[in-house]
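Inspection log for the structure reproduced underneath, given as structure tokens.
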Amino acid sequence: MKKFLVTLVSALSFAATLPAFAGPDWQIIEHGRKVKAERMRQEQARRAQENPQKNSQQSGNQTSKEQMIKKCKEMMSKSKAQPERQ
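See below:
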């Protein structure tokens, strides 16, 4: 009876450890990657819809910066072109 009990316990413990030796489940891993990629696409689309005003403001700020730089360069070239008066 003791041998049967030891054999039964060892068989159950071996059966319980079999999934650890099976390795990763690649189908579940690939499914998780697809779900993550889809969530990222949805998040990017949501951000693009939320921020058209912010994008237009940034482009407006960029053009005003460019205009300001252009004016500064013109002023600098005018001051260099004029002889210094002492």
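Residue numbers (our numbering): 56 to 141. The beta-carbon is built from N, C-alpha and C at its ideal position, and this holds for glycine as well.
- Here DSSP, grouped into helix, strand and coil, assigns residue 137 to coil.
- Collapsing the DSSP output to three states places residue 78 in coil.
- The straight-line gap separating the alpha-carbon atoms of residue 93 and residue 78 is approximately 26 Å.
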